[in-house]
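I have placed the structure first, in the form of structure tokens, so that the comments after it can refer back to it.
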Amino acid sequence: MINCIIIDDEPLAIKLLENHISKIGEMKVVGIGKNALEAYRILQQESVDLMYLDIQMPDLNGIEFLRSLNKKPKTIFTTAYREYAVEGFELEAVDYLLKPITFERFFKSAERILRTIKKDNDEDFVILKSGGFNMKILLKDIIYFESDGNDIKIHLINECIIVPKMTISELAANLLNKGFIRIHRSFMVNTAHITAISNQEILAGKISIPLGRSYKKEFEDFAKIFLAKRSF
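The sequence shown begins at 1 in our numbering and counts up by one.
Below you can see the structure in the form of structure tokens.
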């Protein structure tokens with residue numbers, strides 16, 4: 001799931017982008033701001049993968065705002081003015097959408113973003129200490145994490161199990177925005193490996209993992225997306 005924010009001072013432009021994003025199953029809006037200050041607050045509070053950023057805004061325009069950020073999310077500029085395009089791309093904006101933004105143009109941009117972020121995620125990894133080694137583990141190779149007393153077991157696709165010296169809560173703090181979901185106090189699962197769900201458990205391949213009662217709300221949000229993408 002790609003977390004998006006919309007920064008624009010035009011309500012109709014915001015509504016149009018919200019509507020476009022709602023049609024893409026892998027994208028969701030996690031914040032909306034009407035100026036640079038609100039944008040900054042959202043970036044401090046949310047895990048943001050993609051920012052739709054208007055250029056013409058009061059006080060600080062979009063280009064000035066993006067230039068001021070030390071850590072920049074992937075950004076798509078939205079504007080009614082073509083003349084800012086070169087400056088926008090100099091700031092490594094991933095696209096530049098002219099208003100009014102048609103769904104056809106938005107969809108082409110979204111497809112490219114999805115491919116780019118998927119590639120980044122495929123190459124993403126974590127370094128874990130285990131057995132005297134600092135081990136590089138690709139996130140896509142992890143099926144699930146299992147808390148076992150004072151230890152945590154990491155189950156990989158090659159049936160290997162790694163036991164690093166850390167807690168599942170420490171892992172959750174770093175990985176919940178990278179395609180993992182906590183479904184039980186003892187289990188966190190890579191959503192890419194989930195093959196079936198019910199009200200009491202999920203299946204990751206042939207592995208059954210129980211659903212904890214206190215994690216039911218988060219799981220229900222995931223289940224809606226899972227079923228919407230795969231149901232016929």
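Heads up, the beta-carbon is just placed ideally off N, CA and C, and yes, glycines get one too.
Compare the beta carbon distance of residue 146 and residue 186 with 8 Å and say whether it is the shorter of the two.
-> Against the sequence shown, residue 146 aligns to sequence position 146. Against the sequence shown, residue 186 aligns to sequence position 186. A distance below 8 Å separates the beta carbons of residue 146 and residue 186.
What is the DSSP secondary structure of residue 201, counted as helix, strand or coil?
-> On the sequence shown, residue 201 is found 201 positions in, with the first residue counted as 1. In the structure shown, residue 201 sits in a strand (DSSP, three-state: E or B).
Per-residue burial, residue 67 [other beta carbons within 10 Å of its own, 16 or more giving buried] | Here residue 67 corresponds to residue number 67 of the sequence shown, with the count starting at 1. Residue 67 is exposed by the Cβ-count criterion.
With 16 other Cβ atoms within 10 Å as the buried cut-off, status of residue 81 = Here residue 81 is taken as the residue at index 81 of the sequence shown, counted from 1. With fewer than 16 Cβ atoms within 10 Å of its Cβ, residue 81 is classed as exposed.
Taking the continuous alpha helix (DSSP H) assigned at residue 22, which residues delimit it?
-> Along the sequence shown, one-based indexing puts residue 22 at 22. Start and end: 11 to 22.
Helix, strand or coil: how does DSSP classify residue 134 here?
-> Within the sequence shown, the letter at position 134 stands for residue 134. Of the three classes helix, strand and coil, the one that applies to residue 134 here is strand, per DSSP.
Sequence-distant residues of its chain with Cβ nearer than 7 Å to residue 208 (five each side left out) = Numbered from its first residue, the sequence shown carries residue 208 at position 208. If we look at residue 208 and ignore the five residues flanking it on each side, its Cβ neighbours are 201.
Could you tell me if residue 32 is buried or exposed, where buried requires 16 or more neighbouring beta carbons within 10 angstroms of its beta carbon?
-> For the purposes of this step, residue 32 is identified with residue 32 of the sequence shown, where counting begins at 1. Buried: at least 16 other Cβ atoms inside 10 Å.
Roughly how far, in whole angstroms, is the beta-carbon of residue 196 from the beta-carbon of residue 179, given that I think they are within contact range, below 8 Å?
-> Here residue 196 is taken as the residue at index 196 of the sequence shown, counted from 1. Here residue 179 is taken as the residue at index 179 of the sequence shown, counted from 1. Incorrect: roughly 18 Å between the Cβ atoms, too far for contact.
Does DSSP put residue 150 in a helix, a strand or coil?
-> Working through the sequence shown from its first residue, we reach residue 150 at position 150. Coil.
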